[in-house]
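Per mature numbering (1 follows the signal peptide of the UniProt record, and there is no 0): the sequence shown = residues -38 to -1, 1 to 640. Idealized CB from N, CA, C, for every residue including glycine. Remember, predicted model here, so these are calculated numbers, not experimental data. Reviewing the structure listed below.
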Amino acid sequence: MPSNPCPRSPRRRRRAALGSLAAVLAAGLVPLATVATAPGAATAASAPQADRRLPYQDPRLSTAARVDDLLGRMTLAEKVGQMTQAERADIDADPAQITEYGLGSVLSGGGSVPDPNTPEAWADMVDRYQRAALDTRLGIPLIYGVDSVHGHGNLQGATVFPHNIGLGATRDPRLVERIAHITAEETRATGPQWAFAPCVCVARDDRWGRTYESFGETPELVIRMETAIDGLQGRPGQLDRPDRVLATAKHFAGDGLTSYDESKAGTGAYPIDQGVDQVSREEYADLALAPYWPAVQEHHVGSVMPSFSSVDWTEDGLGNPVKMHGNHELITDVLKGEMGFDGIVVSDWQGLRQLPGTYADQVETSVNAGVDMFMEPYSGSSTGYPQFTETLTQLVQDGRVSHARIDDAVSRILTAKFELGLFEHPMTDRRFIDQVGSTAHHRVARRAAAESQVLLRNEHRTLPLRSSQDVYVAGSNADNIGNQAGGWTLTWQGGSTNVIPGTTILDGIESAASGDVTFSEDASEPVPAGAAGVVVVGETPYAEGFGDVGGPQWAYDPGDHGVARPAKTMQLSEADTRAVETVCAEAASCTVLVVSGRPMEISPDLLGQIDALVASWLPGSEGSGVVDVLFGRQPFTGRLPVTWPRTVEQEPINVGDADYDPLYPYGFGLRTHGHAHR
Ligand code: GLC
């Protein structure tokens, strides 16, 4: 197993322990009033009201003392309930399920939102569920999780930032921290106290549908951007603040190292997402585990989510893939043991159900591997959390899962809830709710969009454009805020018809240009003489395996289940290609912006027709930021976070490979001056 590249830092600091008071209280449960007014101590005019709080209810005690006291009071059923996470759609009609099962957590999956989808409705929803949790015998508060992966993307009106691949291009860890802090503020103010972010995946094959969730193809770059964890959580001891949330390093580990399985391409299965890491232990340590050491030991990440993928060590001979959700060696021995992770390991969506054996076998394997909380979202008796709680209880009673393992899991969960301040302040603190989608937050989104732009080609110093020039705009992604936001925006898969507050790239151009602006998506309108051409091409939104090259062609979305979407290819659409050829042939200059979750193929012939080429990634809600660098209000400073291949056949291709011959190498990026051209 890996050597530890980081010296072991002290484990997460807990609140200063009031040792003596705690010891007395924990032992004798003496009412606070007596202890507080020991003989001879000055007493108020009237003896203070006797305090009937139990130790776990007393914020003056250490978190450890409160956890120990509460754990000692819990039944097995209550402990198993704390290890269970349901999806909101399955309990919304009957929140009493939370009370009945003593559920420890509820989540919003991608696109699972209250109606109306407003900040107040979110906070009201979470508080309604919280009241059900507080109705339980011990009144243990609920923790609510959501995928705030580029802002609180599920929430209509939230500030939506560039996806991680664009943030990796900024090489700006302080900006990433600021973005995460805004994300935490907009998330916590609307109810959820837990973000399933950041993905600290190292994306090695751009055919993977989750490449855009990665900060880049090297662990060094990913590690630099783990300031995202600090932005979300604050420093140790700040988790109880109304602008902080528990973070999640995901997906542990090696989600971005899976091999592409050609046999699955075009079959409706995922050719690479949730696949198998066929690597050596050394390569796995260097590429998959490396980001988790600092995430745990320097940033004190509060939770870790295992990957759907498997590991198949080449030393042991291929043919024995072990799913991460059942990997005791990596979760317990390495993550919890060697790294010293003392937070929550939370499963991914029904992740345990991908393990071999009966459901009882799956639960036994995953719990004993070290997973602490289980995303068993559904309410069906044989498909979700009812089955899970019943099965785990039976496994403990049969001795297949130890009480010690249960107590370890529940202690981790309770520790997070105490540190989040949920016992003292279980209901949503809405003091920042008016900041959701604020002008100040969008200003940061605009800066992030600008810094994420990577200038790959700039013949004849085409860029920056002069604002006085006429501009002709074309391409599928010029005026589509849903496409520039990408997946995990309002819906799980995102959507070309999803509309969020912000500006498209066309909006930005129309604001910046003082000359005439013509927009013709398919470039069918005539190109005015002397006009500068800007063609914005790229991908339509997707998430997870639906974004795999050769992956399923339909997107499972409540809004458009079964609607055929183009299979992902990493090639430009025919319409976009034609638009580029038309504009580059007729305009005075020709700039192409690629709005996509990953590099896309630009053939030598097409590249020869292009004057300037920009990787725009998925810039989020502020297309105006893309235009800031286009017109020189900001300089181009972005650098490739992933290698840009000549063709998809080169994938996987990464810096450091032998015979490395990409179109543009990792780290490449041209710069321009920071002043606007008149
Ligand atoms: C998904 C994703 C994971 C996400 C979870 C909850 O399957 O793999 O990243 O946090 O479900 O939405």
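Do three or more CB pairs link the region 108 to 121 to the region 387 to 403 at distances below 8 Å?
Touching, yes.
Output the distance between the C-alpha atoms of residue 335 and residue 142, rounded to the nearest integer angstrom.
Their Cα atoms are separated by approximately 24 Å.
Check whether the Cβ of residue 267 lies closer than 8 Å to any heavy atom of the ligand GLC, and answer yes or no.
True, at least one ligand heavy atom lies under 8 Å from that Cβ.
If we require 4 or more residues per run, which alpha helix (DSSP H) segments fall completely within the region 140 to 196?
Taking only runs of at least 4 residues, the alpha helix (DSSP H) segments lying wholly in the region 140 to 196 are 181 to 186, 189 to 195.
Could you spell out the range, first to last residue, of the alpha helix (DSSP H) harbouring residue 569?
From DSSP, the alpha helix (DSSP H) with residue 569 extends over 566 to 571.
Select from 126, 461, 377, 265 the residue whose C-alpha is nearest the C-alpha of residue 662.
Within the shown structure, residues of the chain are numbered from -38 to 640, placing residue 662 beyond reach of any answer.
Which stretch, first to last residue, makes up the alpha helix (DSSP H) that contains residue 87?
Counting along the chain, the alpha helix (DSSP H) containing residue 87 begins and ends at 81 to 96.
Where does residue 65 fall in DSSP's three states?
In the structure shown, residue 65 sits in coil (DSSP, three-state: anything other than H, G, I, E or B).
Measure the alpha-carbon distance for residue 409 versus residue 462 and round it to whole angstroms.
Each residue's Cα considered, the two are about 18 Å apart.
Can you say whether residue 430 is buried or exposed, counting buried as having 16 or more other CB atoms within 10 angstroms of its CB?
So residue 430 ends up on the exposed side.
Please find out if some non-hydrogen atom of the ligand GLC comes closer than 8 Å to the beta-carbon of residue 210.
Yes.
Counting only runs of 4+ residues fully inside the region 418 to 479, write out the alpha helix (DSSP H) ranges in chain order.
Runs of the alpha helix (DSSP H) inside the region 418 to 479: 443 to 447, 467 to 474.
Would you say residue 602 and residue 626 are within 9 Å of each other, going by their C-beta atoms?
Closer than 9 Å, so yes.
How long is the line joining the alpha carbons of residue 112 and residue 59, rounded to whole angstroms?
Residue 112 and residue 59: Cα-Cα distance of roughly 31 Å.
Please tell me whether, using a cut-off of 8 Å, the distance from the CB of residue 69 to the nearest non-hydrogen atom of the ligand GLC is below it.
The answer is yes for residue 69.
Is the beta carbon of residue 194 less than 9 Å from the beta carbon of residue 207?
Their beta carbons are under 9 Å apart, which means residue 194 touches residue 207 by this criterion.
Let me know the secondary structure DSSP gives residue 623 once reduced to three states.
Coil, per DSSP.
With DSSP run on the structure shown, which of helix, strand or coil describes residue 207?
In this structure, residue 207 counts as coil in the three-state DSSP scheme.
From what residue to what residue does the beta strand (DSSP E) around residue 47 run?
That run of the beta strand (DSSP E) goes 46 to 49.
Identify every residue that forms a DSSP beta bridge with residue 575.
Looking at the DSSP assignment, residue 575 forms a beta bridge with 419, 554.
Should residue 337 be counted as a contact of the ligand GLC given a C-beta to heavy atom distance under 8 Å?
Yes, the beta carbon of residue 337 sits closer than 8 Å to at least one heavy atom of the ligand GLC.
Three or more C-beta pairs under 8 Å: does that hold for the region 536 to 551 against the region 434 to 445?
Judged by Cβ distances under 8 Å, the region 536 to 551 makes contact with the region 434 to 445, as three or more pairs qualify.
Among residues of its own chain, excluding the 5 on either side of residue 434, which ones have a beta-carbon nearer than 6 Å to its beta-carbon?
Taken in chain order, the residues that qualify are 480, 489, 493, 495, 549.
When burial is assigned at 16 or more other CB atoms within 10 Å of the CB, is residue 282 buried or exposed?
The residue is exposed, with fewer than 16 neighbouring Cβ atoms inside 10 Å.
Given residue 293, which residues of its chain have a CB within under 8 Å of its CB, disregarding the five upstream and five downstream residues?
For residue 293, where only same-chain residues beyond five positions count, the Cβ hits under 8 Å are 214, 268, 286, 307, 331, 332, 333.
Does at least one heavy atom of the ligand GLC sit under 8 Å from the Cβ of residue 510?
No, the beta carbon of residue 510 sits no closer than 8 Å to any heavy atom of the ligand GLC.
Starting from residue 265, trace the beta strand (DSSP E) in both directions and tell me its first and last residue.
Note, residue 265: beta strand (DSSP E), 265 to 268.
Buried or exposed: where does residue 574 fall if 16 or more other Cβ atoms within 10 Å of its Cβ makes it buried?
Classification for residue 574: buried.
Using 8 Å as the Cβ pair cut-off and three pairs as the minimum, do the region 502 to 511 and the region 464 to 478 touch?
Contact between the region 502 to 511 and the region 464 to 478 is absent, because fewer than three Cβ pairs lie under 8 Å.
In whole angstroms, what separates the C-alpha of residue 161 from that of residue 449?
Answer to the nearest angstrom: the Cα atoms are 14 Å apart.
Name the residue from 355, 28, 315, 183 whose alpha carbon lies nearest to the alpha carbon of residue 381.
Closest by alpha carbon: 28.
Do you know how far the Cα of residue 546 is from the Cα of residue 500?
Distance between the alpha carbons of residue 500 and residue 546: 17 Å.
The beta strand (DSSP E) with residue 591 in it runs from where to where?
Taken as a continuous stretch (DSSP letters only), residue 591 belongs to no beta strand (DSSP E), being part of the alpha helix (DSSP H) at 585 to 592.
Drop a sphere of 10 angstroms on the beta-carbon of residue 622, count the other beta-carbons inside from all chains shown, and report buried for 16 or more, exposed for fewer.
By the neighbour-count rule (16 or more Cβ atoms within 10 Å), residue 622 is not buried but exposed.
For the alpha helix (DSSP H) containing residue 250, name the first residue and the last one.
From DSSP, residue 250 is part of no alpha helix (DSSP H); its letter is neither H nor E.
Measuring alpha carbon to alpha carbon, tell me which residue in 584, 310, 532 is nearest residue 170.
Cα-wise, what sits closest to residue 170 is 532.
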